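Novice: Going down the list, the protein sequences come from chains Y and Z. Heads up: the first sequence is residues 15 to 722, going by my numbering. Heads up: the second sequence is residues 14 to 543, going by my numbering. Virtual Cβ for every residue (Gly too), placed ideally from N, Cα, C. Model, not experiment: these values are computed from the prediction. First the structure, which I've put down as structure tokens, then a few questions once you've had a look.
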Amino acid sequence: MLSAPVSDRRQHVRQTARRTTTATQRLVFVAVLTLVSVMALVAPGLLAVLAVGAAMLFLSVFMGLRLVLVAASRGYRAPPVTVVADEDLPRYTTLHPMYDEAHMLPSVVAAMEAMDYPKDRLECLLVLEERDEVTVEAARAYPLPDYVRVVVTPAVEPYGKPKACNYALQFATGEFVVIYDAEDRPEPGQLRLAVGTFRAAEARGEPLGCLQARLVFANEIPDVDVEGRVRRDEEGYDLRPTTWTSRLLGNEYAVHFDLVLTGLARLGLPVPLGGTSNHFPLHVLHEVAFDPDEMPSMPQPDASVGAWDPWNVTEDAELGGAIAADGWRTAVMDSHTDEEACLTARAALNQRSRWVKGYAQTSLVLLRNPSRAARSMGLVGYLAFLLQVGGTFVSLALSPIFWTIFVVYMLTGSPRIIALFPGPLYYTGMCLLILGNLALLSISLFAAVRRERYGTVRYLLVCLPAWWALLSAATYLAALELLVPSWRPSWNKTAHGVRYASPARRVAIATSAALAEWRRDRPETVPVRVVSRPAVHFLAADRCGTAVLRPATPSVAPVLDRSRPEPVHWVRPAQAAPSRSVRDRPLPAVAGVAAVPAVPRPAAAAVPVPRRAVAEAAPVGESLRAPVVPRPRRRSRPVRDVPKPPVRWLPEPPQPRSLIAAPVRAPGEERRPGLRVPVRELPARRSPVPGTAGPSRPRGAVAVPVGT
Amino acid sequence: MEPKPETTVARAWHSDSTKIAILATVASVLAFVVVWQQGTVLGYKDSLSHLLIGRRVLVGQTTGLGQLGGIWLPLQHVLIMTLAWNDTLYLTGLAGSVFSMLCYVATCVGLHRVLHLATGSRAAGWAGAAVFGLAANVLYLQATPMGEPLMYAGMVWAVLAVGQWQREGRTSWLFIGAGLCALLVLVRYEAWVFSAAMWCVVLQTCVSQRRRFWRGDQSAQGLLLVFGFYMSAAVVAWLLWNQVIFGDWLGWLSGTYGSRDLTARLELEQVGSLRLSLLTYAWGAVHVVSWPFLVTGLVGLVLMAVRERLSPGFSAFAVTLVPSVFLVYGLWSGSQPMRVVEVDGDLYNLRMAVVLLVPAALFTGYLVSRLSARAPGLRALGVGLVVAIGSASLAVALRGGGESVVTEVEAAQAWLAYEEQREVGEWVAEQTSGRVLVESIFNEWVVFPNQDRVVYEGSQDAWTSGLSAPGDAASDIHVVVMRTTPGDEDSVHDALYDTDRLWGFGVVLQTDNFLVLEKGAPGDAVRTRQ
């Protein structure tokens with residue numbers, strides 16, 4: 015219905031974005047510009063009204079398409095899946111393009127280790143670039159599993175992910191291929207699901223060319239414990255930092271993958287793919303590949319497969335159109351991949367300007383030969399795809415213009431502005447202004463609530479206009495990059511694995527650290543004890559006194575190692591302040607409390623407390639004299655029956671850390687589920703690497719790229 | 014041979030909702046025909062005003078969205094606007110009645126679905142739909158271009174949406190409920206408190222489901238923000254509209270021709286007297302809802318409150334009482350007028366009590382569900398009783414020619430009261446041509462048939478120049494109509510009567526309360542009152 019007939023599909027000829035515009039396009043542009051100039055001289059009023067009318071028409075169609083897609087997404091169902099036995103699972107190749115992301119190697123390996131797929135049929139290719147020596151060396155030094163191989167792309171322009179992936183495809187031996195970014199954490203069953211879906215499609219005779227998993231920004235919401243408190247590390251940083259930027263980026267993903275792409279898939283329209291978690295049969299990539307003559311010349315021998323456009327910064331979106339033009343269908347999987355969103359507005363601005371620029375590039379390529387493209391995609395499919403990519407660019411560019419006109423009119427009531435909007439345009443504009451914006455907001459709210467991102471709602475209500483303004487600014491930046499050749503191709507790469515704390519959080523952390531430092535300098539007579547965690551049993555105040563403890567075992571070091579019961583006197587510092595962890599208190603409380611951060615340290619040998627120190631310690635009180643009943647040993651975490659633990663952990667001397675640090679965990683400590691950003695696995699801070707695209711130190715944040 | 018699985022369309026066709034929709038449509042059309050024959054479709058003066066407002070946005074000497082005004086809430090007029098450009102639909106009142114009739118059908122279907130959802134009883138659904146659908150006053154109101162039927166439909170479907178969300182937890186139902194509450198805000202002022210009360214129901218639901226507000230997933234926070242955002246946006250938009258168009262945020266409340274201003278003119282006894290206000294509304298309820306359904310509704314209310322222990326489901330039903338409570342407050346505070354024979358000796362705004370039929374239908378349906386739960390045989394009896402009572406009262410109404418339908422009686426009285434205005438308006442429409450200078454407020458019947466020619470107080474510059482120099486070519490006024498009622502003259506009379514501005518105009522029609530002058534007509538323009 016909406017796709018082109020089979021006979022026309024193979025007529026699609028892919029063109030790269032090596033040249034932003036063709037001579038014909040430039041000629042057309044000059045002709046239009048000339049016509050506009052003449053009209054501006056002869057009938058400026060009419061020209062203005064026509065321009066406003068054209069913009070109104072475009073925005074109405076764009077808005078209408080958006081609403082249709084959202085409505086259509088309601089009935090979308092993921093394709094049927096066939097259960098494939100382990101022995102029948104095919105070889106699967108995963109591509110992991112990485113640039114300047116040496117610190118992400120453990121994360122990538124861990125994500126692939128977690129995949130529920132036979133490792134003997136899994137092939138993970140780390141796609142690196144020759145000029146990125148740091149990452150290459152790190153990868154060579156890292157103990158990679160057998161199924162992981164390193165592919166080093168020669169340093170040939172244009173640099174970037176699409177060319178690297180094209181190069182790596184020649185080494186792919188799997189029947190299916192998927193791309194994952196370095197920070198991606200796909201669902202463990204995603205590969206199996208993809209195989210089952212492709213097999214089911216084959217059985218039905220359906221030309222399924224691509225499966226897109228839903229991308230989710232895990233750091234859209236903070237990591238919370240069972241009580242709903244935000245989890246923080248020992249230094250007070252959120253384990254999963256969240257900002258308004260990450261919230262809104264996460265919401266954009268929700269709208270895009272849950273509503274827009276599913277709507278496109280349901281209607282059988284071309285789907286502009288997301289950047290990662292695109293699953294393809296390898297032969298489909300070969301079929302839709304560019305002509306080798308169009309690809310950059312690589313050092314021989316080379317058998318690169320030109321699946322992605324090396325000159326297009328949103329090569330994935332363009333590939334989605336190419337797949338549709340070749341007669342293949344794209345579906346959205348019922349599986350998700352966790353990603354990491356930018357935390358600062360500046361980083362988001364850079365990222366969005368890249369994406370919008372890529373959309374503009376893709377649409378300019380599509381407009382080189384509209385009739386041919388329409389024949390291969392189908393007219394409706396072609397227009398819908400063009401609206402999705404190029405329409406996004408145009409709508410974001412038009413938005414600030416009309417908002418400016420509206421504000422100026424409200425302030426001045428200018429008759430010239432009134433003249434721009436005759437009756438039908440006036441009512442159309444009012445509908446777009448009120449209902450259109452309300453509809454866009456409602457779509458975002460709906461996507462947030464549907465994904466149970468309830469905390470994002472307040473950000474949407476307050477920050478969405480600012481977000482739209484940021485997107486428009488990114489659009490103008492992108493236009494500038496396109497117009498100024500020396501700026502192309504620029505790759506505003508998004509930094510990942512960033513440690514971040516909001517300004518309020520940083521104040522709290524700094525205050526806590528200052529107070530801790532002040533307390534450390536004060537002389538105290540508190541018995542210091544070095545013990546391993548979590549082997550401390552705090553006795554109840556009314557049960558303190560003679561503590562009878564069993565001898566220690568190697569796995570759990572008790573507080574005391576005695577052959578016979580020894581009296582234990584728990585001493586409370588004379589002026590001890592309430593000892594509370596920074597993670598448990600909000601800012602004002604933390605700022606005012608002499609918090610003693612509990613810093614976990616690797617296990618050390620249990621050192622018994624000297625009897626002399628205990629004997630000299632001041633008695634707590636009468637409650638100590640009560641007899642105590644021996645408590646059975648438990649392997650659970652410490653039982654805190656008293657409100658204040660009277661034990662202080664000694665500082666551990668800093669350990670030298672390697673370039674690629676293995677996960678640092680205390681013995682017996684389990685990997686915490688839901689730990690999306692493994693802060694503990696990140697090495698110490700380093701200074702920014704020169705040449706890294708994008709901000710190395712985002713303004714207003716403690717965001718420091720954690721790497722070597 | 015296995016029976017073919019029923020398709021979605023077939024299922025929908027056989028469902029109770031479809032049957033009720035068909036029956037309600039038939040009843041609606043028949044009721045319109047009866048009312049049309051009795052000539053009371055446009056009995057209420059307010060119905061004329063609604064049509065006028067809707068039409069003049071697109072048709073007239075001064076068009077534009079500003080013609081929506083700032084007193085009455087705009088949604089109904091926006092809907093009427095889509096049909097009122099057509100002369101036939103406008104003059105017959107169908108441009109507004111169509112929407113009232115559609116809302117009547119939607120209300121009947123909505124009541125059935127709400128009760129079926131809440132009680133699981135089809136009988137309860139049929140009973141609730143019958144209580145509302147067979148009410149003579151409702152059948153009359155739905156044949157007129159009034160805003161109340163829109164409010165009834167919005168209320169019932171908002172209750173349904175929130176009820177669905179409470180049970181299924183689906184996001185889409187919450188958004189539908191929020192959207193409906195926002196639309197209700199733009200229909201009637203008493204719906205503002207209904208929407209606010211519905212927000213409280215959502216809050217109660219979140220509390221009962223132990224949703225978190227500040228910690229964890231913050232689901233209560235998100236849901237309450239979403240639900241409250243739309244209705245708040247609608248309120249803010251209306252206030253902003255008043256400020257932008259008329260320079261007064263609260264012009265709809267305290268400005269000229271606002272509710273308080275109009276009510277003050279009536280000098281009602283209920284103002285400041287809670288006892289009289291309650292008594293007035295109670296009598297209105299008796300006339301409109303009828304004793305049997307007031308009793309069954311009350312019993313159902315108490316029964317549901319006891320059985321459900323004030324659960325969120327009960328609260329969703331109970332908020333339908335809030336508009337009535339608000340209207341009683343309006344009577345007491347002087348912002349809403351209402352008169353009944355038992356208190357004031359005449360009838361005015363009895364339709365304010367019709368909203369009580371919605372909770373009456375809901376709680377009566379609940380009562381029937383409890384009866385049928387006790388003994389299935391009582392199910393048919395319960396529904397049968399309800400239908401019998403409703404049908405009987407309707408039959409009485411029809412046999413009496415509408416005399417027992419208080420809302421229609423009021424409308425008929427108003428129709429008679431404005432006979433002179435109608436004659437003047439029709440005469441001007443048939444005997445004159447060109448622009449007509451006339452004040453619209455309180456002269457609606459004069460304006461109604463001449464709307465496309467009229468220069469009135471909302472025509473901005475044309476009105477100002479018409480009052481100052483009607484004879485000038487710039488004003489282009491050909492006909493001047495003024496109300497000459499002693500003590501109640503309109504602004505045209507005040508500006509032009511007995512002045513030389515009417516030089517060149519001659520009197521062409523004079524009645525007890527109106528004077529019509531036409532440019533170039535023979536005769537003296539300046540006349541003293543006879």
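Ordered along the chain, which non-local residues of its own chain (more than five positions away) have a Cβ less than 8 Å from that of residue 327 of chain Z?
Specialist: The residue given as residue 327 of chain Z occupies position 314 in the second sequence. In the same chain as residue 327 of chain Z, and ignoring 5 residues on each side of it, the C-beta atoms closer than 8 Å to its own belong to 317, 318, 321, in chain order.
Novice: Residue 532 of chain Z bridges to which residues according to DSSP?
Specialist: The sequence position of residue 532 of chain Z within the second sequence is 519, counting from 1. Z:518, per the DSSP bridge assignment.
Novice: Here's the rule I'm using: 16 or more other beta-carbon atoms within 10 Å means buried, otherwise exposed. How should residue 448 of chain Y be labelled?
Specialist: Taking the first sequence and counting its residues from 1, one reaches residue 448 of chain Y at position 434. The residue is exposed, with fewer than 16 neighbouring Cβ atoms inside 10 Å.
Novice: Enumerated in chain order, which unbroken segments of the alpha helix (DSSP H) with a length of 4 residues or greater are wholly contained in the segment 128–181 of chain Z?
Specialist: 135–146, 149–154, 161–181
Novice: For residue 86 of chain Z, name the three-state secondary structure that DSSP assigns.
Specialist: Looking up residue 86 of chain Z in the second sequence gives position 73. Correct three-state label for residue 86 of chain Z: coil.
Novice: So residue 238 of chain Z contacts chain Y; which residues on that side make the cut at Cβ distance below 7 Å?
Specialist: Taking the second sequence and counting its residues from 1, the one referred to as residue 238 of chain Z is at position 225. Under the 7 Å cutoff, chain Y gives 471, 472, 475.
Novice: Could you compute how far the alpha carbon of residue 127 of chain Y sits from the alpha carbon of residue 396 of chain Y?
Specialist: Position 113 of the first sequence holds residue 127 of chain Y. Position 382 of the first sequence holds residue 396 of chain Y. Distance between the alpha carbons of residue 127 of chain Y and residue 396 of chain Y: 40 Å.
Novice: Is residue 147 of chain Y close to chain Z, meaning its C-beta is less than 8 Å from at least one C-beta of that chain?
Specialist: In the first sequence, counting from the first residue as 1, residue 147 of chain Y sits at position 133. Output row for residue 147 of chain Y: interface = no.
Novice: Is the shortest distance between the beta-carbon of residue 459 of chain Y and the beta-carbons of chain Z less than 8 Å?
Specialist: Counted from its first residue, the first sequence places residue 459 of chain Y at position 445. Taking Cβ atoms only, chain Z reaches closer than 8 Å to residue 459 of chain Y, which makes this a yes.
Novice: Run through chain Z and tell me which residues come within less than 9 Å of residue 242 of chain Y, C-beta to C-beta.
Specialist: Walking along the first sequence from the start, residue 242 of chain Y turns up at place 228. Taking the beta carbon of residue 242 of chain Y as reference, the chain Z residues within 9 Å of it are 225, 227, 228, 229, 230, 231, listed in sequence order.
Novice: Based on the DSSP output, what are the partners of residue 252 of chain Y in its beta bridges?
Specialist: One-based indexing of the first sequence puts residue 252 of chain Y at position 238. Partner(s): Y:246.
Novice: Please report whether the beta-carbon of residue 234 of chain Z lies at a distance below 8 Å from any beta-carbon of chain Y.
Specialist: For the purposes of this step, residue 234 of chain Z is taken as residue 221 along the second sequence, with counting starting at 1. Yes, because at least one Cβ of chain Y sits closer than 8 Å to the Cβ of residue 234 of chain Z.
Novice: Using alpha carbons as the reference points, say which of Y:199, Y:117, Y:255 lies closest to residue 518 of chain Y.
Specialist: As a position in the first sequence, residue 518 of chain Y is number 504, starting the count at 1. Relative to residue 518 of chain Y, the option among Y:199, Y:117, Y:255 whose CA is nearest is Y:255.
Novice: Please report the Cβ distance between residue 328 of chain Y and residue 277 of chain Y, rounded to the nearest whole angstrom; I am assuming they are in contact, meaning their Cβ atoms lie under 8 Å.
Specialist: Working through the first sequence from its first residue, we reach residue 328 of chain Y at position 314. Working through the first sequence from its first residue, we reach residue 277 of chain Y at position 263. Going by Cβ atoms, the distance from residue 328 of chain Y to residue 277 of chain Y rounds to 19 Å, so no, they are not a contact pair.
Novice: Would you say residue 184 of chain Z faces chain Y, with C-beta separation under 8 Å as the test?
Specialist: For this step, residue 184 of chain Z is matched to residue 171 along the second sequence. Cβ-Cβ to chain Y under 8 Å: yes for residue 184 of chain Z.
Novice: With a cut-off of 8 Å, does the C-beta of residue 463 of chain Y fall near any C-beta of chain Z?
Specialist: Along the first sequence, read from residue 1 onward, the residue named residue 463 of chain Y stands at position 449. Output row for residue 463 of chain Y: interface = yes.
Novice: Considering only the beta carbon of each residue, do residue 7 of chain Z and residue 345 of chain Z sit closer than 8 Å?
Specialist: Residue 7 of chain Z cannot be examined here, being either before or after the span of chain Z that is shown, 14 to 543.
Novice: Which residue wins for smallest C-alpha separation from residue 162 of chain Y, given the options Y:178, Y:134, Y:180?
Specialist: Locating residue 162 of chain Y in the first sequence gives position 148, counting from the first residue. Closest option to residue 162 of chain Y, Cα to Cα, is Y:134.
Novice: Chain Z partners of residue 238 of chain Y, CB-CB under 9 Å?
Specialist: One-based indexing of the first sequence puts residue 238 of chain Y at position 224. Residues of chain Z passing the Cβ test: 228, 229, 230.
Novice: Based on the DSSP output, what are the partners of residue 99 of chain Y in its beta bridges?
Specialist: Mapped onto the first sequence, residue 99 of chain Y falls at position 85. DSSP, once it has assigned bridges, lists no residue as partnering residue 99 of chain Y.
Novice: Out of Y:344, Y:321, Y:232, point me to the one whose CA is closest to residue 30 of chain Y's CA.
Specialist: For this step, residue 30 of chain Y is matched to residue 16 along the first sequence. Comparing Cα positions, the closest option is Y:321.
Novice: Excluding sequence positions up to five away, which residues of its chain have a Cβ less than 7 Å from the Cβ of residue 746 of chain Y?
Specialist: Outside the modelled stretch of chain Y, which goes from 15 to 722, sits residue 746 of chain Y, for which no answer is possible.
Novice: My guess is that residue 140 of chain Z and residue 377 of chain Z are in contact by the Cβ rule of under 8 Å, so how many angstroms apart are they, rounded?
Specialist: Indexing the second sequence from 1 puts residue 140 of chain Z at position 127. Indexing the second sequence from 1 puts residue 377 of chain Z at position 364. Between residue 377 of chain Z and residue 140 of chain Z the Cβ distance is about 6 Å, and since that is below 8 Å, they are a contact.
Novice: According to the Cβ coordinates, are residue 122 of chain Y and residue 196 of chain Y closer than 8 Å?
Specialist: Here residue 122 of chain Y is taken as the residue at index 108 of the first sequence, counted from 1. Here residue 196 of chain Y is taken as the residue at index 182 of the first sequence, counted from 1. Judged by their CB atoms, residue 122 of chain Y and residue 196 of chain Y are nearer to each other than the 8 Å cut-off.
Novice: Less than 8 Å between CB atoms is the rule here; does residue 518 of chain Z satisfy it with respect to chain Y?
Specialist: The residue you call residue 518 of chain Z lines up with position 505 of the second sequence. So no, residue 518 of chain Z is outside the interface.
Novice: Check the Cβ-Cβ distances between residue 188 of chain Z and every residue of chain Y, and say whether any is below 8 Å.
Specialist: Locating residue 188 of chain Z in the second sequence gives position 175, where the first residue counts as 1. So yes, residue 188 of chain Z belongs to the interface.
Novice: Is the shortest distance between the beta-carbon of residue 234 of chain Y and the beta-carbons of chain Z less than 8 Å?
Specialist: Counting from 1 along the first sequence, the entry for residue 234 of chain Y is found at position 220. Taking a beta-carbon distance threshold of 8 Å, residue 234 of chain Y does not count as an interface residue toward chain Z.
Novice: What distance in whole Å lies between the Cβ atoms of residue 184 of chain Z and residue 63 of chain Y, which are believed to be in contact at a cut-off of 8 Å?
Specialist: For this step, residue 63 of chain Y is matched to residue 49 along the first sequence. For this step, residue 184 of chain Z is matched to residue 171 along the second sequence. Contact doesn't hold; Cβ gap of about 42 Å is too wide.
Novice: Counting only runs that start and end within the segment 27–76 of chain Z, where is the alpha helix (DSSP H) found for 4 or more residues in a row?
Specialist: You should have 29–51, 58–69.
Novice: Step through the CB atoms of chain Z and report whether any lies within less than 8 Å of the CB of residue 603 of chain Y.
Specialist: Sequence index remark: in the first sequence, residue 603 of chain Y carries index 589 (1-based). Residue confidence is low: residue 603 of chain Y scores 39 on pLDDT, short of 50, so the model does not pin down where it sits. Its coordinate-derived value is still stated next. Residue 603 of chain Y has a beta carbon lying at 8 Å or more from every beta carbon in chain Z.
Novice: Mind checking if residue 468 of chain Y is an interface residue toward chain Z, Cβ cutoff 8 Å exclusive?
Specialist: By one-based count along the first sequence, residue 468 of chain Y stands at place 454. Chain Z contact via Cβ: present.
Novice: Using a cut-off of 9 Å between C-beta atoms, extract the partners of residue 242 of chain Z located in chain Y.
Specialist: As a working mapping, residue 242 of chain Z is identified with position 229 in the second sequence. Here the neighbours are 455, 459, 471, 475.
Novice: Is residue 179 of chain Z near residue 325 of chain Z, with beta carbons less than 8 Å apart?
Specialist: As a working note, residue 179 of chain Z is residue 166 in the second sequence. As a working note, residue 325 of chain Z is residue 312 in the second sequence. Cβ distance < 8 Å, so residue 179 of chain Z and residue 325 of chain Z count as in contact.
Novice: Can you pull out the residues from the segment 435–448 of chain Y whose beta carbon lies closer than 9 Å to at least one beta carbon of chain Z?
Specialist: The segment 435–448 of chain Y vs chain Z, Cβ under 9 Å: 437, 440, 441, 444, 448.
Novice: Considering only the alpha carbon of each residue, which of Y:377, Y:482, Y:66, Y:415 lies closest to residue 36 of chain Y?
Specialist: The residue given as residue 36 of chain Y occupies position 22 in the first sequence. Closest option to residue 36 of chain Y, Cα to Cα, is Y:377.
Novice: Should residue 179 of chain Y go down as buried or exposed, given a rule of 16 or more other Cβ atoms within 10 Å for buried?
Specialist: Residue mapping note: residue 179 of chain Y aligns to position 165 of the first sequence, counting from 1. Flag for residue 179 of chain Y reads buried.
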